[in-house]
Amino acid sequence: MEIKKVGFTPKEISREIEVIANNNTQIFSFLESIILKCKSFVELTEVLGQETEEKRQKIISLVIAIRLLEISEASLLLMKNGMSNDANTMFRVFLDAYFIFANVCTDVTFIANYFKSDTAARLKLANSAEKHGSTLFKRINEYATQEIKIELKERIKEENIQAFNSYTYADNVGCTEIYDSMYRLMSTNLHSTPRSLMKYIEEDHEGNIVKIKYYPIEGEIPGRADDFSHFLIKVYSGLKETFGCLNEDEIKELSQELAEIKIKTT
1 MEIKKVGFTP KEISREIEVI ANNNTQIFSF LESIILKCKS FVELTEVLGQ
51 ETEEKRQKII SLVIAIRLLE ISEASLLLMK NGMSNDANTM FRVFLDAYFI
101 FANVCTDVTF IANYFKSDTA ARLKLANSAE KHGSTLFKRI NEYATQEIKI
151 ELKERIKEEN IQAFNSYTYA DNVGCTEIYD SMYRLMSTNL HSTPRSLMKY
201 IEEDHEGNIV KIKYYPIEGE IPGRADDFSH FLIKVYSGLK ETFGCLNEDE
251 IKELSQELAE IKIKTT
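Using the working numbering, read the sequence shown as starting at 1 and increasing by one per residue.
Shown next as structure tokens:
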């Protein structure tokens, strides 16, 4: 069995990275441009006051947009360095935030319920820590007394607080097809399932592993960059609609430009 290793950070991989960059110049440039559009909108937008649900909706939409931009910029760095599995993982993370963003932009009442979900998360963490007596859990067990846990349970019951649930958030905004396709497929990389390991190996006709690969691989990077671009256009559109300045022609032009890049590069 051969182990071909270079890694992802040594200078020796510069050639592989250059090839990936050259192969994906157009889509990388487009992704960078839509990231910049979103960033510019966020930076130039101001919300005066937070006394109404609509104003709080605008503020939280900006916060979630920044989260999406951080994920996108981190993913672009991964893709440019041939880290295709981790680009897939980051897209799964992106979709989690995207479902939240879509809910925030379409339903002002979602925000309060979303933040309340942290109460359920706190109780879950406290109950998990209670199972362990090691020093690792000492501080949380000292804090999460029975009184606190009872208080959390009562609050959850009284306010009908629901735990964080990506499927529910996707369903709220008509994105269950995305959840049951892209989201589930990218989860294999997030959880390091057997399928996610296939990128690192080559097999013979009998299924024996003959090579282990540890170096930049283009893999699904072009498709992932296209996916990030597609959903960031939707984020840009959602932001502008939330702030009452949506230009549908601009969104159509961006979508058309992305479609043309995909045709040219496939």
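Each residue gets a CB set at the ideal place from its N, CA and C atoms; glycine is no exception.
Item: Cα-Cα separation, L239 to C105; Value: 7 angstroms
Item: Sub-7 angstroms separation of K213 and K4 beta-carbons; Value: yes
Item: Sheet register partners of I34 (DSSP bridge); Value: Looking at the DSSP assignment, I34 forms no beta bridge with any residue, so it has no partner.
Item: Where the beta strand (DSSP E) through E206 begins and ends; Value: Taken as a continuous stretch (DSSP letters only), E206 belongs to no beta strand (DSSP E), as it is neither H nor E.
Item: Beta bridge counterpart(s) of K4 as assigned by DSSP; Value: K213
Item: Residue-level contact to chain B via CB, E32, 7 angstroms cutoff; Value: Among the chains in the structure shown there is no chain B, since it carries only a single protein chain.
Item: C-beta contact flag for A170 and F99 at 7 angstroms; Value: yes
Item: Status (buried if at least 16 other CB within 10 Å, exposed otherwise) for N85; Value: buried
Item: Proximity of P216 and I27 at Cβ, strictly below 7 angstroms; Value: no
Item: Those runs of the alpha helix (DSSP H) which lie wholly inside the region 220-253 and span at least 4 residues; Value: 221-242
Item: Range covered by the alpha helix (DSSP H) that runs through Q146; Value: 146-158
Item: Helix, strand or coil at E53 according to DSSP, with G and I counted as helix; Value: helix
Item: Cross-strand partners of E326 (DSSP beta bridge); Value: Examination of residue 326 is not possible in this model, given that the chain is present from 1 through 266 alone.
Item: Euclidean distance between Cα positions of K157 and N127; Value: 16 angstroms
Item: Rounded separation between T119 and L152 - CA only; Value: 7 angstroms
Item: Same chain, Cβ closer than 8 angstroms to S237, neighbours up to 5 away in sequence not counted; Value: L246, I251
Item: Any 3 or more C-beta pairs closer than 8 angstroms across the region 64-77 and the region 34-44; Value: yes
Item: Sequence-distant residues of its chain with Cβ nearer than 6 angstroms to I60 (five each side left out); Value: V104, I111
Item: CB of L258 within 7 angstroms of CB of S229, strictly; Value: yes
Item: Nearest-angstrom Cα separation, counted from K58 out to K211; Value: 51 angstroms
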